[in-house]
């Protein structure tokens, strides 16, 4: 089946019990056994739940993976993946990743004996130079958060496989509609399902998709042992969102390209970060490995933090809020919001200046969004 069809028809639909077209929500913690030592496929919802299983199967199908797993939050998904490692292991991570990912690796996992090198992952020789005998994982984002840097996924996977290193990618910004990393050799795909997969800013959740039977078994064990799974109702909300993912992503991208093109010509804007622009340094790689360029646009405002604050106070259609991927457009300031947990020296090294603003472009009329940006950028 094609992507659009998979998003709607993966799994048991209609429901086999009564033919419900909308999948039922199994709001139960426990399931009655058919006989001693014999269940009906489920016994306890932390281990597995029919509603969650439907979401997991759908995400796995969209990503082209072996199996999917749904988690309470995106950070719960990341934490579970990082528990595939052990004390003494080394991780190479992109230097301009989501602030929560940086915080988890730098402030939490280091306390458990995991060493981390934050690195710009644009060149093969730079990655290979950072590999140590104890390097066990490379973690990447593309497009990255918030600078929309593009990483050559196939190149990173090739380097990792040659050195027998696991690869994990946060595919939240692209979504499986625009990028399927497993097709390029990535081992583990992570999502914050809060974002584009759900698409309506009414749930928090996470997901992991595995590429091998071994990783499937290990992630399933960790999910059950650590209790990081998503609730059935949250899974149902994400399932409902996924059904319109292809349509939404097309409109997100259309609006994002229009907004980025406008900002690139505006005299109050220093730089625009959007891989759909031909001037973006990663445009060619993005065209090769992605179906679309996504709905995220970042830009750097001239005039320092005063100009940034003025812009954020003046926008009307863009809500000043964290998160992304919903139908309504959002604006945020990474240095004080999504990446506030990243030390300033780390932000500076990654290129996340205080003048960067990140936009999540929604599904409104593009002309209205551009008018809002125009008036907010006026001195």
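Numbering (the numbering used here), first residue to last: 980 to 1358.
Glycine included, each C-beta is placed from N, C-alpha and C at the ideal position.
Residue nearest to residue 988 within the set 1114, 1221 and 1004 is 1221 (criterion: CA-CA distance). In this structure, the straight-line span from the alpha carbon of residue 1144 to that of residue 1351 is close to 46 Å. In the DSSP assignment, residue 1014 falls outside any alpha helix (DSSP H) and carries neither an H nor an E.
Note: residue 1275 is bridge-paired with 1339 in the DSSP secondary-structure output. Shown here for residue 1044: same chain residues with a beta carbon closer than 7 Å to its own, the five before and five after excluded, namely 1161, 1168, 1188, 1189 and 1190 in chain order.
Taking each of 1003, 1058, 1340 and 982 in turn and checking the Cα distance to residue 1273, the smallest one comes out for 1340. Each residue's CA atom was taken as its position, placing residue 1209 and residue 1217 some 10 Å apart. Collapsing the DSSP output to three states places residue 1214 in a helix. Rounded to the nearest whole angstrom, the CA to CA distance from residue 1212 to residue 1286 is 42 Å.
Between the region 1119-1126 and the region 1059-1076, the count of C-beta pairs closer than 8 Å reaches three or more; the two stretches touch. Three or more Cβ pairs closer than 8 Å define a contact, and the region 1093-1104 falls short of that threshold against the region 1219-1239. The three-state secondary structure of residue 1005, taken from DSSP, is coil. The beta-carbon distance between residue 1193 and residue 1148, rounded to whole angstroms, is 18 Å. This is too long to meet the 8 Å contact definition. With respect to the 7 Å criterion, residue 1235 and residue 1345 are not classified as neighbours on the basis of their beta carbons.
If you draw a straight line from the Cα of residue 1179 to the Cα of residue 1226, it comes to about 14 Å.
Each of 1282, 1327 and 1205 was checked against the Cα of residue 1314, and the nearest Cα belongs to 1327. Nearest C-alpha to residue 1305 among 1182, 1256 and 1261: 1182. Counting C-beta atoms within 10 angstroms of its own C-beta, residue 1087 has fewer than 16 neighbours from the protein chains shown and is therefore classed as exposed. Exposed is the label assigned to residue 1299, since fewer than 16 other Cβ atoms lie within 10 Å of its Cβ.
Following the DSSP letters along the chain, one finds residue 1205 inside the alpha helix (DSSP H) bounded by residues 1192-1205.
Beta-bridge analysis with DSSP links residue 1146 to 1117.
Only exposed fits residue 1258, as fewer than 16 other CB atoms lie within 10 angstroms of its CB.
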